[in-house]
Amino acid sequence: MSEKPVVKRNERKEDAQALLPRVDVRENKDGILLIADMPGVPKDKLELHIDNDTLTIEGEITPDTPENMEAVYAEVRLSRYRRAFSLSAELDTARIDAQLSNGVLKLRIPKHAYAQPRKIEVKVA
Amino acid sequence: MYESLVNFPGGLLAEFERLQQELQQEFANVGRPGSIRALASGAFPAINVASTPTSIEVYAFAPGVDPAKLDLQIEQGLLSISGEREADAPEDNGTLSTYANERFSGRFKRTISLSKDADPDKVEARYRDGVLHITVARQAAAQPKRITIQ
Chain A
401 MSEKPVVKRN ERKEDAQALL PRVDVRENKD GILLIADMPG VPKDKLELHI
451 DNDTLTIEGE ITPDTPENME AVYAEVRLSR YRRAFSLSAE LDTARIDAQL
501 SNGVLKLRIP KHAYAQPRKI EVKVA
Chain B
67 MYESLVNFPG GLLAEFERLQ QELQQEFANV GRPGSIRALA SGAFPAINVA
117 STPTSIEVYA FAPGVDPAKL DLQIEQGLLS ISGEREADAP EDNGTLSTYA
167 NERFSGRFKR TISLSKDADP DKVEARYRDG VLHITVARQA AAQPKRITIQ
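Chain order of the listed sequences is A and B.
For the first sequence, the working numbering assigns the number 401 to the initial residue and increments by one for each residue that follows.
For the second sequence, the working numbering assigns the number 67 to the initial residue and increments by one for each residue that follows.
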């Protein structure tokens, strides 16, 4: 393996390896709905950051582990999820609504009112 | 290894990043024998198995599944987990654009083999934060015992 310098996007704990959570991203006229699978992440270990126009979702997997446990077989080999998205200007980051239930994160990112479609009335003079 | 600077949701680069990550994670394991029932990464649900002196702990990463729709069975030393995950898609009446559709939906079933000393009568299962945690006790005879010297 060649040692390439890691590009740091910003000064947070980005160096730890993380899993990319699987996501669905859909848009309608009101905004964007982002659904991410983050099984094993409790509410207090979920972090959402907005830095300029970058949205980062991050969470730590905290399973209940009994004492003297030894791993036998593992498909989930990291204990952290992280994924970043760049947002465009018409999205209103101040009004993001986030819900986490059963390991599924649902983020609703509304559009600014000015960006919502509207009909333009034609006045007859 | 280096990361891409741009991270489009569901875009080609995100897919490459995922591929690279999966390769890295796969190669970390070269040389170790895998289970015959192991699936390519990305299978749903992902499963981790651990063992303690008194039990076998199985973790199935199945987020967003109704626990009532999960079915667990143990037969001849095989534990199978099946169920269904419904798609979260809101009604699509032509106003919806989809950019990423990576999450699994539909029926699933996974089977893993338990070690011989597993006791099929002592099984506990809990579902929390999208993880199904199954504890199968080991038979008492198989548990380590301290022998006192007289």
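Glycine included, each C-beta is placed from N, C-alpha and C at the ideal position.
This structure is a prediction, so every number in the text was calculated from the model and none was measured.
Helix, strand or coil for residue i per DSSP?
| i | result |
| --- | --- |
| A/K445 | helix |
| B/P129 | coil |
| A/F485 | strand |
| A/V524 | coil |
| B/F174 | strand |
| A/Q499 | strand |
| B/L136 | coil |
| B/R145 | Correcting the residue identity first, residue 145 of chain B is Leu in this sequence and not Arg. Three-state DSSP puts B/L145 in a strand. |
| B/A109 | coil |
| B/E221 | The first residue shown for chain B is 67 and the last is 216, placing residue 221 of chain B beyond what the model contains. |
| B/G97 | Because the pLDDT of B/G97 is 49, which lies under 50, any placement of that residue in the model is unreliable, and the number read from its coordinates should be weighed accordingly. DSSP places B/G97 in coil when its eight states are reduced to three. |
| A/E467 | coil |
| A/T493 | helix |
| B/E88 | helix |
| A/A436 | strand |
| A/A474 | strand |
| A/R409 | No answer about A/R409 holds up, because its pLDDT of 45 lies below 50 and its placement is not dependable. |
| B/A153 | coil |
Return the bridge partner residues of residue i from the DSSP annotation.
| i | result |
| --- | --- |
| A/L420 | According to DSSP, A/L420 bridges with nothing at all. |
| B/V202 | B/I122 and B/V189 |
| A/G431 | A/P510 |
| A/I457 | A/L448 and A/R483 |
| A/A515 | Answer by DSSP bridge pairing: none, since A/A515 is not bridged. |
Residue i versus chain A: which residues are under 9 angstroms apart at the beta carbon?
| i | result |
| --- | --- |
| B/A116 | T465, P466, M469, E470, A471, V472, Y473 and A474 |
| B/P186 | Ordered by position in chain A, no residue passes the 9 angstroms Cβ test against B/P186, which lies about 18 angstroms from the chain. |
| B/A207 | In chain order: nothing, as chain A lies at least about 19 angstroms away. |
Below 8 angstroms on the Cβ atoms is my guess for residue i versus residue j; work out the distance and round it to an integer in Å.
| i | j | result |
| --- | --- | --- |
| A/K506 | A/L433 | 7 angstroms |
| B/V197 | A/G440 | 5 angstroms |
| B/S121 | B/R176 | 20 angstroms between Cβ atoms; not a contact. |
| B/Q87 | A/L420 | 6 angstroms |
| B/R169 | A/R422 | 5 angstroms |
| B/R136 | B/I147 | Correcting the residue identity first, residue 136 of chain B is Leu in this sequence and not Arg. Confirmed, Cβ separation roughly 7 angstroms. |
| B/T164 | A/R426 | 5 angstroms |
| B/P119 | A/N468 | 6 angstroms |
| B/N114 | A/A515 | About 43 angstroms; that fails the 8 angstroms criterion. |
| B/V131 | B/G149 | 6 angstroms |
| B/D296 | A/I435 | One cannot answer for residue 296 of chain B here, as it falls past the ends of chain B, which runs 67 to 216. |
Identify the contact partners of residue i in chain B, using a Cβ-Cβ distance below 7 angstroms as the criterion.
| i | result |
| --- | --- |
| A/N428 | T161 and L162 |
| A/G440 | F127, D195, G196 and V197 |
Given that residue i touches chain B, what residues does it touch there, using C-beta distances under 9 angstroms?
| i | result |
| --- | --- |
| A/P510 | The premise fails here: A/P510 is roughly 15 angstroms from chain B at the closest Cβ pair, so nothing lies under 9 angstroms. |
Can you pull the chain B neighbours of residue i, defined as C-beta to C-beta under 8 angstroms?
| i | result |
| --- | --- |
| A/N502 | P129, G130, V131, Y193, D195 and G196 |
| A/I435 | D154 and R169 |
| A/D444 | Those do not exist, as A/D444 stays about 11 angstroms from chain B at its closest Cβ, beyond 8 angstroms. |
| A/D424 | D154, A155, T164, A166, N167, E168 and R169 |
Against residue i, what residues of chain A qualify as contacts under a CB-to-CB distance less than 7 angstroms, listed in chain order?
| i | result |
| --- | --- |
| B/Q87 | L420 |
| B/I200 | Under the 7 angstroms cutoff, chain A gives no residues; its nearest Cβ is about 12 angstroms from B/I200. |
| B/I113 | E475 |
| B/E123 | P466 and M469 |
| B/E150 | Residues of chain A passing the Cβ test: none, with the nearest at roughly 14 angstroms. |
| B/R84 | L420 |
What residues of chain A sit near residue i, judged by a beta carbon separation below 8 angstroms?
| i | result |
| --- | --- |
| B/P119 | N468 |
Check the Cβ-Cβ distances between residue i and every residue of chain D, and say whether any is below 8 angstroms.
| i | result |
| --- | --- |
| A/L448 | This model lacks chain D altogether; the protein chains it does include are A and B. |
- For the segment 457–472 of chain A, enumerate the residues whose C-beta is nearer than 9 angstroms to any C-beta of chain B, in chain order. I461, T462, P463, D464, T465, P466, E467, N468, M469, E470, A471 and V472
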